[in-house]
Every structure is written in structure tokens, then in C-alpha cells.
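Reviewing the structure listed below.
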Amino acid sequence: MNFFLIYLSIVKINYNRYKKAVLTIWIIVLISSLVFYLFNPEKFTSEKIADYISSFEGSLWVVFILLSLVRGVTFIPPTILVIAGTLIFKENLLMVLIVSSICSVITAMMIYYLSSYLNIENYLIKKNSKRYEHIKKRVNSKYAWWFIIAWALIPIFPSDLIFYICGIVKIDKNRFASAVFVGHSIYYAVLIFTGSYIL
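Each residue of the sequence shown is one higher than the last, beginning at 3 in my numbering.
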């Protein structure tokens, strides 16, 4: 019995260390990407990203999808990449919409599960407790589905932020995924088709 308890304590210690290591790496990636983005905004224009993707001839869609997935764990605005997609795939805008929407759901679910696993609630409370509690209250309400859609439709809000909170609160994952898909699909559709008309 004592041996079993010792074993469980060792497993718990190693598990906590692993969680701390993952959280540390995650924070480093977030901070590094944001700092690089803030100090090198000229490298993150839609035109620059379109040129970068275009350099991979024969693998344009693969690179676009990978960047769409990676972007989701940074806080870099999705608008830049979506517009870059319209510049590259002018003849296939519907596919840009579908790919962008699906990738947004995948990254949203990644953040949903990761934030729940790492239990970053205390970190968010320390950073901005009032805003966190306000959003938490909304995603816990019966109007959570509509709230997530509305959040995704307003570009001035970092939509990735709400993914973290939904993961902590553990709202129904199917409702969460569908709300993200609907909200981002509407936003991306407006962005892609109006953007292509202007361009």
C-alpha cells in the first residue's frame, strides 16, 4: 500500500513537471511570435506572406494549411493570412474559405483542450481578472453559442482569447466547434469575397 502511494506521488510530480514544461514552451512560443510580429510588422503583410507561400511551387495548399494551423496558437490576426490566400488562389476563393474555416476549428479545438489540460485559469485571472470573469460569465450562459459567433465576427477582438476561456470552462465541445465554424465562416466569407472585389 505504501509502495503504491509512493508510486502515485512520483507520477503526480512528474506529471506536474511535464505540464509546467509544456506551459513554459507554449508561453515562450506565444511571446516570441508576438514580439517578432510587433517589431517586424512589415514581414507580416498579406503581400509578404503571399510571396512566401508562392515560393513553394507545387505545395501551395500544403503550406497555406500549415500556416493556418500554426497561426492559431499565436495571437497573430487571421485576417492577414486569409487575405494572403485570396491573393494566391484568386480562382479558388471558395476553397480558401473552406480551408480557413476548417483550420480555425482545428486550432480552436487544440487551444480548447490544451488550455483545459494546462489549467491556465490562474494566469488569466492575474493578467485581467475583470475581463476574464466577464467573458467566463458569457460563455457559461445559455447564449454562449451566439456569444462565440459574435466574438468571432468582431475583428477588433482576438478570437483566440475566447478559445482559452472556453477550454477552461469546459463548455460543450460540439457547440463550441460549431459556433467557431459558423462565426469564422461568415467573417472569412465577407473578408474573402469583398477583399477579392476590391483587389
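Don't be surprised by glycine CBs; every beta carbon is placed ideally from N, CA and C.
Sub-9 Å separation of residue i and residue j beta-carbons
i	j	result
residue 194	residue 84	yes
residue 88	residue 96	no
residue 76	residue 116	no
residue 65	residue 186	no
residue 167	residue 188	no
residue 52	residue 23	no
residue 67	residue 105	yes
From the options, residue whose alpha carbon lies closest to that of residue i
i	options	result
residue 145	163, 113, 178 and 166	178
residue 78	92, 60, 107 and 43	43
residue 174	183, 142 and 163	142
residue 63	51, 183 and 98	98
residue 110	30, 80 and 41	80
residue 1	180, 139 and 92	With the chain represented from 3 up to 201, any question about residue 1 goes unanswered, as that position is not in the structure.
residue 74	61, 114 and 50	114
residue 35	100, 72 and 112	72
residue 183	169, 135, 172 and 100	100
residue 171	181, 139 and 196	139
residue 149	39, 61, 181 and 58	181
residue 112	169, 37, 38 and 176	169
Supposed contact pair residue j and residue i - C-beta distance, whole angstroms, cut 8 Å
i	j	result
residue 48	residue 70	Not really, about 13 Å apart at Cβ, beyond 8 Å.
residue 46	residue 90	In fact, because the Cβ distance is near 16 Å, the residues do not count as touching under 8 Å.
residue 153	residue 164	5 Å
Residue i Cβ short of 8 Å to the ligand FMN heavy atom set
i	result
residue 185	The ligand FMN is absent from the structure shown, which contains no ligand whatsoever.
Subject >> Minimum length 4: unbroken alpha helix (DSSP H) runs contained in the region 32-59 >> reply: 48-56
**OP:** Jot down the residue ranges of each uninterrupted alpha helix (DSSP H) in the region 139-178, minimum 4 residues, whole runs only, in chain order.
**Re:** 146-155 and 161-171
**OP:** Only counting runs of 4 or more residues, tell me where the alpha helix (DSSP H) segments fall wholly within the region 83-120, in order along the chain.
**Re:** 95-120
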